[in-house]
Each structure stands twice: as structure tokens, then as C-alpha cells.
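Protein chains in written order, with the numbering used here: chain A, 1 to 191; chain B, 1001 to 1254.
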């Protein structure tokens, strides 16, 4: 069972649709006891870092997430990936601090947001060369957790991984067949 | 590097796709989900559904269309048409839309762009801008109501305002070129693209693959949108992508 964190921000149904398509049973919850029984935790999210963290803090979800992250595979997608880091300049807020590094606004000569399909570069054959759909204006500062990037005038950290914590900056649930396969591999621990 | 996007646009009314769709081999050429699936398989990078329903029931049916499409379609979906408030946007996003495209409502109330982008994030707020050249004044003006009503707002001024209010993307339609199939409005699009930092989707004028080659060679816009040439199978998306690739334009080939 995959527990999708429900924190009332943005559309989380599309992630569930992707899991349905892949054949993984999943549920929405913000309750520790429910999520504790799941095999993998998925943290989706779109929107504003500061607003999201404010909601996570006031709803009491933060200790739940930190406790789950001690032992369970946790996958953050898009904003959910950014929330895994220490801080963001978007709203000047602290994140969950599960991954080292900060989130900052991207500086590139190209249009911002970085919006559209871009190619992954990675040592992982599961990721390398795949075209995936990005839509974001902020990026993770580079650390040794980055295992895939995309070129956009700068290297955009696309996938980060530290132990059983995985962050995906793009939207695997919106990246066609290639994206679904990456999501499957992330769940199976294959990336 | 980021790929140039090819985006088919489907007109939906009362939950059904309308306007000259000639696909052979489809059970039901009015079914949005079936058409969306077909475009997905053909390699479309994104889809736009334009809700042209005149009734509340029609707009409500759109939510079902989005839900059903999002269950089977794993590429981005943008919804435009009839959006007038933050609550409309919330309903569409919750149903499964990835982006919304606001047009007349943004002109009537520019604060809607600001409010919506603050609430849901700039990344899902696209502003559709219909522009037309006024030969007498020697400049482009924004039009509303499908291009039929002229405003006194200069196009470049509005585009800059949309960006500063928080729009994450612009969908620019050149009314003079729309439906003529003689190519995009390259001059305007190139200038518009230089004047803002957010991505631009170009619309209006595509008649053949060369028009897309010209668009991406002569401007830095991010995407090209078209409707009838895809629906009538005058241009196949697979062929179009191959032609773009052969012209050294980076596209996603599936």
C-alpha cells in the first residue's frame, strides 16, 4: 500500500491515477497510524513552498512526516521534493530537513518557469536520456544527493536520493509512459 | 535542453468535442477522452481543452471530462474557457487540470491573475491573449470574446502586466492569422517573446509543418498550438515532430 500525503494543497488525484495505472493500491491520508501501515510514502504537491510548510506545521503533519521518514521509503514529487530540503527562499521557510541543501529561485537566461519536456542525464540507465515534464521556478542547490539533472542553461537537479528518501523535481505522473516507468522504479527502489 | 512543445487544442461544449473532427477509426469522434488518448499516443506534448459551453451544466460536465481524461492521460492538460473566478480555477485543478487558461476574466479583473497565482502557484496560471493588428494606430491591441471585441489595451502593455501579476505562461493567438493557415505571426511573437521572461505558446496560422519550423527557427517561443490541422489530419503530430527534428529543432519523440 502506498500512502499519499493529503495536505489539502493542489491536486493529488493525478498521482493516484498514475499509481492506479501502474497497479499499486494507494490511499490518501495525513494520519500517522494509517500511514505507518503503508509500505511507501508519497509526498506530492504543487504551489508555494512557504504556504505548504505553513500548512504542514499548523496541521501537525511535520512530526508525522519526520517519524515516517525514519524508516519508510519516502518519495517527494515536485514541490513535495523541495519540501524535503532544509530551507527555501520561496516564502523564506524551513523545510523538512530530510535532505541537505536549500531551494532557491533558478537563475538562467531561459524563460522561467522551466516548463515543458526536458531530457534527463544520469548514471542510472532507468533515468538517463528520458524526456520528462517539468514545471517549476525554484531548484535545489546542488549537493551530492543529486542523481539526475536536466540542462537548461544551468544544470537542473531532477532527481535526488539519499538512502530511502527520493525526490523527483519533474512530474512522473505527467511524463507519459517514461514517467510512469520512473515512478515504478522509484517505488521499487530501482533508481 | 528543453523541447519545443506541440499542443493540439480541442473545443468542448456540453462535455463533447465539437468542430470538424475527421478522425477515422475512432468509435466516437466527439468523446474528449478518446480523442485525448489518440493525441497522447501520437506524441502530443500537452493538450488544451477549450470549454465553449454556454450553460452551467456544460461547465459542470467539463469537470467530468477532466476527471475521466486525467484517469487515462498522463501528459499535462490545460483547461480554458468560461473561467471567471478563483473558485472556478480550484474546481478545475481539483478535477485534474494541470493548468488553467484565463482570458476575458483576466482583462475584466487583472487581480484574478495575481490572486490565482498566489493561491495555486504561477505554474498553473496561463493567460490567453488574443491580439489583432490595428493598421490605423500601427499597433496590436488585445481583443476579447473570441477576438470579436476590441479593447483599447495595447498588446505589449497587457503581456507585460500579465507577467508582473504572476502569470506563469502566455497563450498568444494572432487573430489575423487564425484559420488562415499561412503561418504564425512571426514578427509579433518574436517581439512578444523578447518582452517577457515567461514561456509563450504561439497560436493562430499553422497550416503545415513548415510553419512550425519557421516559428521555432525565427522566434524563441516555447510551444506551438493548433486545432483544425490536427483534427482534420492535415498534419500528423508524428510527422510534424520528425520534420522539426530534421530541422535541428529539439522535440520529444516517443
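Where is the CB? At the ideal position from N, CA and C, for every residue including glycine.
Fair warning: this is a prediction, and the values are worked out from it, not measured in the lab.
Can you list the residues of chain A that residue i reaches, using a CB-CB cut of under 8 Å?
| i | result |
| --- | --- |
| residue 1001 of chain B | 118, 119, 151, 152 |
| residue 1197 of chain B | 111, 112 |
| residue 1222 of chain B | 111, 115, 116 |
| residue 1011 of chain B | None at all; the shortest Cβ gap to chain A is about 23 Å. |
| residue 1130 of chain B | Neighbours of residue 1130 of chain B on chain A: none; closest Cβ ~21 Å, over 8 Å. |
| residue 990 of chain B | The shown model of chain B, from 1001 to 1254, leaves out residue 990 of chain B, and the question about it has no answer. |
| residue 1064 of chain B | Those do not exist, as residue 1064 of chain B stays about 13 Å from chain A at its closest Cβ, beyond 8 Å. |
| residue 1248 of chain B | By Cβ distance, chain A contributes nothing, its closest Cβ being about 15 Å from residue 1248 of chain B, past 8 Å. |
| residue 1060 of chain B | Result: empty, since nearest Cβ-Cβ is about 18 Å, beyond 8 Å. |
Quick one: list the residues of chain A neighbouring residue i, beta-carbon separation under 9 Å, in chain order.
| i | result |
| --- | --- |
| residue 1070 of chain B | 11, 13, 14, 17 |
| residue 1215 of chain B | Those do not exist, as residue 1215 of chain B stays about 15 Å from chain A at its closest Cβ, beyond 9 Å. |
| residue 1031 of chain B | Going along chain A, no residue has its Cβ under 9 Å from residue 1031 of chain B, so there is no contact; the nearest lies around 18 Å. |
Please list, in chain order, the chain E residues whose beta carbon lies closer than 8 Å to that of residue i.
| i | result |
| --- | --- |
| residue 1096 of chain B | Here the protein chains are A and B, and chain E is not one of them. |
Which chain B residues sit within Cβ distance under 8 Å of residue i?
| i | result |
| --- | --- |
| residue 193 of chain A | For residue 193 of chain A there is no data in the structure shown, the boundaries of chain A being 1 and 191. |
Show which residues of chain B have a CB atom less than 7 Å away from the CB atom of residue i.
| i | result |
| --- | --- |
| residue 136 of chain A | 1123 |
| residue 131 of chain A | 1003, 1252 |
| residue 173 of chain A | 1074 |
Name the one or two DSSP bridge partners that residue i has.
| i | result |
| --- | --- |
| residue 1224 of chain B | B/1006, B/1202 |
| residue 76 of chain A | A/43, A/167 |
| residue 136 of chain A | A/114 |
| residue 162 of chain A | A/165 |
| residue 1016 of chain B | B/1013 |
| residue 1169 of chain B | B/1126 |
| residue 3 of chain A | A/27, A/41 |
Which chain A residues are close to residue i, counting only those with a beta carbon under 7 Å from its beta carbon?
| i | result |
| --- | --- |
| residue 1085 of chain B | Neighbours of residue 1085 of chain B on chain A: none; closest Cβ ~18 Å, over 7 Å. |
| residue 981 of chain B | This structure gives no information on residue 981 of chain B, because the portion of chain B shown stretches from 1001 to 1254. |
| residue 1218 of chain B | By Cβ distance, chain A contributes nothing, its closest Cβ being about 17 Å from residue 1218 of chain B, past 7 Å. |
| residue 1088 of chain B | Per Cβ cutoff of 7 Å: no residues; residue 1088 of chain B is ~15 Å from chain A at best. |
Taking Cβ-Cβ distances shorter than 9 Å, what residues in chain B pair up with residue i?
| i | result |
| --- | --- |
| residue 70 of chain A | Correct list: empty, because the minimum Cβ distance to chain B is about 30 Å. |
Contact between the stretch 70-83 of chain A and the stretch 106-118 of chain A: three or more CB pairs below 8 Å? no
Quick check: the stretch 1068-1079 of chain B against the stretch 1094-1107 of chain B, are there 3 or more CB pairs under 8 Å? yes
Got a sec: which bits of the stretch 1163-1194 of chain B sit with their beta carbon under 8 Å from any beta carbon on chain A, in order along the chain? 1168, 1169
If we count Cβ pairs, one from each stretch, closer than 8 Å, do we get three or more for the stretch 1169-1178 of chain B versus the stretch 1207-1214 of chain B? no
Check whether the stretch 1002-1010 of chain B touches the stretch 1040-1051 of chain B, taking contact to mean three or more Cβ pairs, one atom from each stretch, closer than 8 Å. yes
Counting Cβ pairs, one atom from each stretch, are 3 or more of them under 8 Å apart for the stretch 121-136 of chain A and the stretch 164-176 of chain A? yes
Give the residues from the stretch 44-55 of chain A that approach chain B closer than 8 Å (Cβ to any Cβ), ordered along the chain. 46, 47, 48
Taking the runs of the beta strand (DSSP E) that are 3 residues or longer, which of them lie wholly in the stretch 1082-1159 of chain B? 1099-1102, 1125-1134, 1139-1144, 1149-1154
Ignoring anything shorter than 4 residues, give me the alpha helix (DSSP H) runs that lie fully in the stretch 82-118 of chain A, in order along the chain. none
Segment contact flag, the stretch 170-186 of chain A with the stretch 9-26 of chain A, C-beta cutoff 8 Å, min 3 pairs: yes
Do the stretch 1113-1126 of chain B and the stretch 33-47 of chain A meet, that is, are 3 or more Cβ pairs less than 8 Å apart? yes
Give me the subset of the stretch 177-189 of chain A whose CB atoms are less than 9 Å from a CB atom of chain B, sorted by chain position. 177, 178, 179, 180
Run through the stretch 1022-1080 of chain B for me and flag every whole beta strand (DSSP E) of 3 or more residues, listed as ranges in chain order. 1047-1051, 1077-1080
Inter-stretch contact at 8 Å, needing at least 3 Cβ pairs: the stretch 1150-1163 of chain B / the stretch 1192-1205 of chain B: yes
Can we say the stretch 1043-1061 of chain B touches the stretch 1237-1253 of chain B, given the rule of at least three CB pairs closer than 8 Å? yes
Pairing CB atoms from the stretch 86-96 of chain A with CB atoms from the stretch 145-153 of chain A, are three or more of them under 8 Å? no
At least three beta-carbon pairs within less than 8 Å, the stretch 53-65 of chain A to the stretch 25-34 of chain A: yes
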